[in-house]
Amino acid sequence: MSIFRIFVDGQLFYHPQLSQLAITEAKLSEDAENIDSLTLSAPFNHPYLDSIHPMASTIVCKKGDATVFEGRALNDGSDFYNTHTWTCESALAYLKDSQQPPFSYKGTLKGLLEYFLSVHNKAVEEKKRFKLGNITVTDNNDYISYSNSEYSCTLDAIKSKLINTHGGYLMVRYTDTGKVLDYLAEFNERAIQSVEYGKNLLDVKISRDHTERITALIPLGAKKKTTDEEGNEVESDERVDITSVNDGLNYIFDETVAKEIGWIWATEAWDDVTLPGNLLRKAKARLAELIAGITSMELTIVDESDTGANIGSIHARQFVNCLSPPHGIDGRYACMSKTVDYLNPSGNTITIGASGIKLTSISAKQNENITELTDDLIGKTAEIQGAIAKANAAEATAKDAKEATDTVIDDITALQESVRECYSEISKTSEEIRLTVREEYISRSEMATIQQDFQSTITQNSSEIRMDFSAVTDELKDNIATNQELLEEYIRFKGALIELGKVGNAFTAELSNNELAFKENGQKIAYISNNSLVITNAEIRNKLSLGNETRGWFDFIPRNNGNLSIKWRGPAS
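Heads up, the sequence shown is in UniProt numbering, so the first residue is 1 and it goes up one at a time.
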């Protein structure tokens with residue numbers, strides 16, 4: 001089992017096997033489309049409370065040898081019990097610390113991201129720098145042209161010029177040589193662990209949001225280019241539309257859904273689409289998504305890696321296999337987000353997305369360019385001619401194959417004739433054998449009578465055996481079920497936590513790796529942790545003694561008149 005640990009500026013801050021380094025909360029939220037966050041809480045007596053400096057200290061979380069979080073604390077605070085809490089953001093947030101000056105860029109998509117990182121790395125210190133990793137997002141022409149006349153932070157520039165126009169996800173990898181930034185069209189990792197109903201799936205929440213549904217869409221393409229008086233090519237305010245390829249209409253709609261919920265209009269722009277036909281195709285695909293609404297699926301799971309199983313954890317930015325027949329879930333889905341409570345694993349949740357399944361957070365992206373580029377047909381003539389040549393060659397090959405097939409059919413016909421002759425000889429031989437057997441052995445009717453009597457005896461005996469065995473089995477099942485119900489009524493296992501007490505009682509106890517807690521009506525009233533007993537209210541009826549058998553005792557004893565006496569009692573001789 002991989003051990004979860006937390007380091008602050010390289011110093012160990014939490015280890016589950018060191019009581020003096022105990023914490024009260026470590027909850028990690030992974031989000032494939034945003035910056036990961038960590039909520040960290042520690043009690044007042046933690047020896048390294050003062051070592052965390054917001055915006056300065058580096059917080060690293062490791063599970064085994066793998067780094068699951070690296071970032072910085074944004075703020076801190078404390079509650080009534082002086083428990084300190086920090087909200088942390090992952091290293092991806094370092095891209096907010098630098099500014100991109102006004103620029104004009106023409107070149108490859110990869111080159112633009114390299115330019116952004118180069119400007120960022122020059123402006124920040126070593127721990128905030130990134131190396132460029134895998135880039136699987138592509139541009140059809142491998143050529144883009146973008147400019148910006150304003151300053152903007154690096155993360156906003158990447159989202160505006162790359163993610164919002166070309167799609168994809170940013171992912172930070174932590175390596176021995178530093179942080180690596182990947183720009184992926186799709187996730188490139190698959191979780192070894194799967195989510196299955198009856199195995200590690202605890203709860204399913206499916207919500208459908210219809211507020212973003214539309215029935216008519218006006219698609220807009222790239223801005224049209226014109227030539228000014230000096231012969232320079234400039235962009236106009238007019239955009240490419242679908243009027244020329246859509247019967248004179250600049251919009252598309254779904255008649256069936258419009259009859260159901262009425263006419264609801266929206267517009268969406270594709271700045272990279274220059275052909276009306278491609279724009280129409282993109283608009284139809286987008287309308288098919290928007291007329292159905294947005295579905296969010298949240299799964300509460302038990303991460304088997306937390307139970308001692310030698311299997312990797314599930315993380316956001318991975319594909320995970322999910323199977324829950326009662327809920328209609330069966331397939332490989334993209335894990336878009338995950339919430340991990342490392343002190344209470346039973347509360348871990350993941351949000352999955354796939355074709356037709358969108359996250360609730362995506363609904364906030366109304367009117368953004370969240371499209372995938374399709375291939376333009378310009379410049380494809382050579383490829384089409386090549387395909388025609390291949391088709392002609394395939395036709396010639398098919399003719400040769402037909403001639404060979406005719407030859408094989410003739411051979412098969414001859415083989416069938418040989419088989420029929422062989423079968424005839426076998427039939428004659430088998431008849432001779434039957435005659436011999438009939439003469440020298442008992443008749444079939446006699447054998448049938450013997451067999452019937454024997455089967456009847458076996459059936460009667462087997463019925464008695466089955467009845468006895470079934471009776472014993474049913475009795476065992478009843479006893480096991482009764483004991484199981486009785487056990488679950490008083491003892492319940494919730495991940496790494498054990499709850500004691502009868503179901504429905506006001507008073508229960510919870511035993512975890514860190515404490516033994518006592519609850520009344522669901523509220524914690526006392527707990528034992530780190531060699532300390534903490535209790536909300538204490539009522540002592542007779543006497544309170546402080547001390548030990550070696551050094552003696554102080555006894556606090558109430559008097560009859562209402563006063564309180566303190567007496568010294570020496571150690572036992």
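Just so it is clear, CB atoms sit at the ideal spot from N, CA and C, and this is done for glycine as well. Since we're looking at a predicted model, the values are computed, not measured.
- Minimum Cα-Cα distance from Trp86 among the listed residues Glu238, Ala73, Glu125 corresponds to Ala73.
- For Thr256, DSSP records no beta bridge to any residue.
- Bridge pairing for Ala266: Leu217 [DSSP].
- Remark: fewer than three beta-carbon pairs, one from each stretch, lie closer than 8 angstroms, so the segment 252-270 and the segment 131-147 are not flagged as touching.
- Boundaries around Ile158 are those of the alpha helix (DSSP H), 154-158, since no beta strand (DSSP E) includes it.
- In the DSSP assignment, Glu510 falls within the beta strand (DSSP E) that extends over 507-511.
- Ser118 sits in a helix when the DSSP states are folded into three classes.
- With fewer than three CB-CB distances shorter than 8 angstroms, the segment 159-175 does not count as touching the segment 208-220.
- The beta carbon of Lys567 sits closer than 8 angstroms to those of Phe554, Asp555, Ile557, all from its chain and outside the five residues before and after it, given in chain order.
- Assignment of Thr482 by DSSP, reduced to helix, strand and coil, places it in the helix class.
- One thing to note: Gly495 has its Cβ within 8 angstroms of the Cβ of Asn344.
- Closest by C-alpha distance to Ile528, out of Asn513, Ile540, Glu539, is Asn513.
- Its chain contains Tyr490, Phe507, Thr508, Ala509 as the residues whose beta carbon lies nearer than 8 angstroms to that of Gly501, once the 5 sequence neighbours on both sides are disregarded; these appear in chain order.
- Across the set Ser147, Asp76, Ile329, the C-alpha of Ser147 shows the shortest separation from the C-alpha of Pro102.
- Within the model, the alpha-carbon separation for Val60 versus Thr67 is close to 7 angstroms.
- The alpha-carbon separation between Ile52 and Phe13 amounts to approximately 10 angstroms.
- Proximity to Ala222 across Leu564, Lys205, Asp241, Ile23 peaks at Asp241, based on C-alpha coordinates.
- Short of 8 angstroms from the beta carbon of Gln11, and not among the five residues preceding or following it, lie these beta carbons of its own chain, in chain order: Tyr48, Ser51.
- By the neighbour-count criterion, in which a residue is buried when 16 or more other Cβ atoms sit within 10 angstroms of its Cβ, Glu268 is buried.
- For Leu546, the closest alpha carbon among the candidates Pro571, Tyr251, Ile291 is that of Pro571.
- Assigned with DSSP and collapsed to three states, Pro558 falls in strand.
- The shortest CA-to-CA distance from Asn531 to any of Ser19, Ile3, Ser152 is the one to Ser19.
- Residue environment analysis places Arg5 among the buried positions, since at least 16 neighbouring C-beta atoms fall within 10 angstroms of its C-beta.
- Exposed is the label assigned to Asn561, since fewer than 16 other Cβ atoms lie within 10 Å of its Cβ.
- The criterion of a C-beta distance shorter than 8 angstroms is satisfied by Phe319 and Arg190.
- Just so you know, the alpha carbons of Ala91 and Ile329 end up roughly 34 angstroms apart.
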